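>
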């Protein structure tokens, strides 16, 4: 079958760091094609190259039988490639008609918009998708699902041959998803191809024909969805198979082998809920223990961390700290109670870019470094000096702005920020994301040493080997609920993958 | 050998990096240029009288600009400073001209200084609560007092010019210490205190952290709301003090003109002094330098017979240049 789209050998690097190397993607006419992969696998970079947002460094893109070089999203649209983004790029205060017809309004005398005709055409376009709404009403007065369908309708009315949907169901409820699926099937029957990006694997089995899997900037797998199992998809995404998992020792951790008796209870959470993304979360954390939170993107892991640390308000449930009841209302209260929280997003929630390494490192410790409002600067320098040496932070001196450090060294400074408060509980959200391999092992070593000193750690990581080998117990979450708990020794990546696949199955 | 050496030296001096030097010390260079220009062109520039006039006028801009610098350092802005000046300035004569003030001159003066400052603090608290607790955009939050503050001042005085003769109160604006204006010394003292606050205290550290990355500051336990309210209160109090000084200089309080357009001068001085509008930097002495540059440019044009309106354009050009230098520095 002649492919509608054929991308091959696509390379792309950002500032010398490779994002795609030799990636490929083939989509047939009238096919619904899924694209899956973990965070950072290169899915969005590949799509942005296809739609002209980024320029490729190498490789060939063939669309509709001709080699194409797209340089802007507008050009992509003119060629017949339409993208429906997660955040809709429509004007919610204007009417449905205006949104659908924008830039292509029917004219009278060449200048005036023929509104009657515009409304009629809009109704006609929408009715093809089974949508019957007042096209004169502002788009924003309709649900997200309807808005999304309007966006799709607009794309199709512009003669799109390929519609790209990026996580289209992430903000839809079950009945809205059904409507969307109906539209996708309608597109397929009309001969329009759909590239469907989603981390909800169950959906793919319902509407997709083929699935392409990406990992570390490469296309690793492309197969028909019929006859594939979810386990195979997850294994392809993670780049593991059962044989490989037998190979141990990928991290500095040592699978629940610390051997030491676990100490007193540091933290007990019961039935904690903060909203739909975290519902009925239970956890008991003891001294010298690492609890891993497992789950796919959006499963509620970060929400659990935020609930414990007092960032999000609890709707229900209770938290006990060292046997004392009382939830933490603010991060400041959590820190005072001996909690540290290394956030997932280092740039947005971690570093203060223009401040020095010294000022960043002591930020959480300031209340303890202060006597009647004045910072004890001698002690501050002494402490910073200690941590720079102890963690091997590579910096010209402690006055260097943190933004000038590499990602791994920034992360070490942030770890030191929390180690410096001499914490009882450390919550670590993706502690080794975006750091190079060497720094990764060093950071894992730092965590292991802290645990040996009796710190209780809650570890969130998308790197499965990290929680499989690091955690004493893994709490597996899906859609904000705990689905199972695994205990080390004895957890294998295979078992974790099975637990995840199982939860996916239950969720459907 | 020797010719080679001299050649090398010539090359080195030819390739002296003017760009980075200017970017780093732009303020000081601008000040030097203005001074040299005045010494050559302006008649009678090198006189004690010139220094005296300039210091007594720059002090109020500098005092407000320092408060503004703190607010800007948290990523905020305060448009109400001029209105707070008018309000504080209107209150003072009302108090020492009242029956109570006439009967107890010493107490009257103390109250005429304390009450307006407390009122200014309350204005700052109002701004701070709007910004920190109610999450109103700073420019909108402070617009409320920008509009209503001066109105309240005019209502209090029935829109009248209040003139008075009160030497002890006028000391604020006309007194001399070691031959220089009292308010100049006051500005310098405030600068030293604020400098220590910014470099030595947790409050100062949190101000910069909030301006640098508010989310990170909060997640690291920073008392974001209290610190934000604090900077608006400091800015309010300093504006109130500046309002009192202006009234003391003139021996008259005019609620319609006191502090008029001061918010622009103060923001300009802070920016020329090196404050970043997105926050994270608080150059206290820079604010004074900025105020001095703006004052000297005004004075230069005035002393050389250039009209007021043209002076406004010159001010705009200075701000433009300062922002340009900041942009260049970032890259």
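Chains as they are written, first to last, in the working numbering: chain H, 91 to 598; chain P, 6 to 336.
Glycine included, every Cβ here is placed at the ideal spot set by N, Cα and C.
Given the structure is predicted, the values throughout are model-derived calculations rather than measurements.
#1: Does DSSP put residue 182 of chain H in a helix, in a strand, or in coil?
#2: Count the other CB atoms, across all protein chains shown, that sit within 10 Å of the CB of residue 197 of chain P; report buried if there are 16 or more and exposed otherwise.
#3: If you count every other CB in all the chains shown that lies within 10 Å of the CB of residue 530 of chain H, and 16 or more means buried, which is it?
#4: Spatial neighbours of residue 98 of chain P within its chain, please: CB distance less than 6 Å, with the 5 preceding and 5 following residues excluded, ordered by chain position.
#5: Between residue 561 of chain H and residue 398 of chain H, which are expected to be in contact by the criterion C-beta below 8 Å, what is the C-beta distance as a whole number of angstroms?
#6: Can you give me the start and stop residues for the beta strand (DSSP E) that residue 172 of chain H sits inside?
#7: Within its chain, find whatever has a CB closer than 8 Å to the CB of residue 364 of chain H; leave out the 5 residues flanking it on each side and keep chain order.
#8: Around the Cβ of residue 448 of chain H, are there at least 16 other Cβ atoms within 10 angstroms (buried) or fewer (exposed)?
#9: For the segment 461 to 494 of chain H, which residues have a CB atom closer than 8 Å to at least one CB atom of chain P, in sequence order?
#10: Distance check for residue 570 of chain H and residue 590 of chain H, CA to CA, integer angstroms please.
#11: Which residues, in chain order, does the segment 208 to 236 of chain P contribute to contact with chain H at a C-beta distance below 8 Å?
#12: Please decide whether residue 514 of chain H counts as near chain P, where near means a Cβ-Cβ distance under 7 Å.
#13: Listing by chain order, which chain P residues have their CB less than 7 Å from the CB of residue 422 of chain H?
#14: For residue 89 of chain P, which option in P/206, P/129 and P/105 has the closest C-alpha, if you only look at C-alpha atoms?
#15: Where do the N-terminal and C-terminal ends of the beta strand (DSSP E) with residue 504 of chain H fall, by residue?
#16: Out of H/470, H/477 and H/494, which one is the CA nearest neighbour of residue 437 of chain H?
#17: Could you tell me the distance, in whole angstroms, from the CA atom of residue 108 of chain P to the CA atom of residue 458 of chain H?
#18: On the criterion of 16 or more Cβ atoms from any shown chain inside 10 Å, does residue 322 of chain P qualify as buried, or is it exposed?
#19: For residue 589 of chain H, which of helix, strand or coil comes out of DSSP?
#20: Pull up the distance between the alpha-carbon of residue 122 of chain P and that of residue 362 of chain H, whole angstroms please.
#21: Using a beta-carbon distance cut-off of less than 8 Å, what residues from the segment 274 to 302 of chain P approach chain H?
#22: What number of angstroms, rounded off, separates the C-alpha of residue 119 of chain H from the C-alpha of residue 564 of chain H?
#23: Along the chain, where does the alpha helix (DSSP H) that runs through residue 292 of chain H open and close?
#24: Please go through the same chain and pick out, in chain order, the residues whose beta-carbon is closer than 6 Å to the beta-carbon of residue 203 of chain H, but skip the five residues on each side of it.
#25: Closest to residue 471 of chain H by C-alpha separation, out of H/463, H/456 and H/462, would be which residue?
#26: Is DSSP giving residue 457 of chain H helix, strand or coil here?
#27: If we count the other Cβ atoms within 10 Å of its Cβ and call it buried at 16 or more, is residue 3 of chain P buried or exposed?
#28: Find the residues of chain H that neighbour residue 206 of chain P, judging by a C-beta separation of less than 9 Å, and give them in chain order.
#29: Smallest Cα separation from residue 315 of chain P: which of P/189, P/83, P/76 and P/303?
#30: Where does residue 306 of chain H fall in DSSP's three states?
#31: Can you tell me which residues form a DSSP beta bridge with residue 329 of chain P?
#32: Check whether the Cβ atoms of residue 439 of chain H and residue 224 of chain P lie closer than 7 Å to each other.
#33: In or out: residue 320 of chain P buried (at least 16 other Cβ within 10 Å) or exposed?
#34: Starting from the C-beta of residue 291 of chain P, find all residues in its chain whose C-beta is less than 6 Å away, skip the five residues before and the five after it, and write them out in chain order.
#35: Quick one: any contact between the segment 292 to 299 of chain P and the segment 65 to 72 of chain P, if contact means 3 or more CB pairs under 8 Å?
#36: What would DSSP say about residue 320 of chain P, mapped onto helix, strand or coil?
In terms of the structure at hand:
#1: DSSP places residue 182 of chain H outside both helix and strand once states are collapsed to three, so it counts as coil.
#2: By the neighbour-count rule (16 or more Cβ atoms within 10 Å), residue 197 of chain P is not buried but exposed.
#3: With 16 or more Cβ atoms within 10 Å of its Cβ, residue 530 of chain H is classed as buried.
#4: Within the same chain, Cβ atoms closer than 6 Å to the Cβ of residue 98 of chain P are found at 167, 169 and 258, the five residues on either side in sequence being excluded.
#5: At roughly 16 Å, the Cβ-Cβ gap does not stay under 8 Å, so residue 561 of chain H and residue 398 of chain H are not in contact.
#6: Bounds of the beta strand (DSSP E) holding residue 172 of chain H are 171 to 174.
#7: Here the set comprises 393, 396, 397, 402, 403, 404 and 405.
#8: Burial of residue 448 of chain H is indicated by the presence of at least 16 other C-beta atoms within 10 angstroms of its C-beta.
#9: Residues 463, 464, 465 and 467.
#10: Distance between the alpha carbons of residue 590 of chain H and residue 570 of chain H: 13 Å.
#11: Correct list: 208, 210, 211, 213, 214, 217, 218, 220, 221, 222, 223, 224, 225, 226, 227 and 228.
#12: Answer no: the Cβ-Cβ gap between residue 514 of chain H and chain P never drops below 7 Å.
#13: Simply 226 and 228.
#14: Answer by Cα proximity: P/129.
#15: Segment 497 to 509 is the alpha helix (DSSP H) holding residue 504 of chain H; no beta strand (DSSP E) there.
#16: Comparing Cα positions, the closest option is H/494.
#17: Rounded to whole angstroms, the gap between the alpha carbons of residue 108 of chain P and residue 458 of chain H is 51 Å.
#18: That one is exposed.
#19: Correct three-state label for residue 589 of chain H: helix.
#20: Looking at the two C-alpha atoms, the distance is approximately 48 Å.
#21: Correct list: 285 and 286.
#22: Taking the straight line joining both Cα atoms gives about 44 Å.
#23: Per DSSP, residue 292 of chain H belongs to the alpha helix (DSSP H) from 291 to 297.
#24: Correct list, in chain order: 195.
#25: Between residue 471 of chain H and the set H/463, H/456 and H/462, the nearest pair of CA atoms involves H/456.
#26: Assigned with DSSP and collapsed to three states, residue 457 of chain H falls in helix.
#27: The question about residue 3 of chain P has no answer, for chain P in this structure spans 6 to 336.
#28: Within chain H, the residues near residue 206 of chain P are 460, 463, 464 and 465.
#29: When only C-alpha atoms are compared, the closest one is P/303.
#30: Residue 306 of chain H falls in the coil class under three-state DSSP.
#31: None, per the DSSP bridge assignment.
#32: Yes, they are a contact pair.
#33: Burial is judged here by how many other beta carbons sit within 10 angstroms of a residue's own beta carbon; residue 320 of chain P has at least 16 and is buried.
#34: The beta carbon of residue 291 of chain P lies closer than 6 Å to those of 278 and 279 in the same chain, with the five residues before and after it left out.
#35: Verdict: yes, contact present.
#36: Correct three-state label for residue 320 of chain P: helix.
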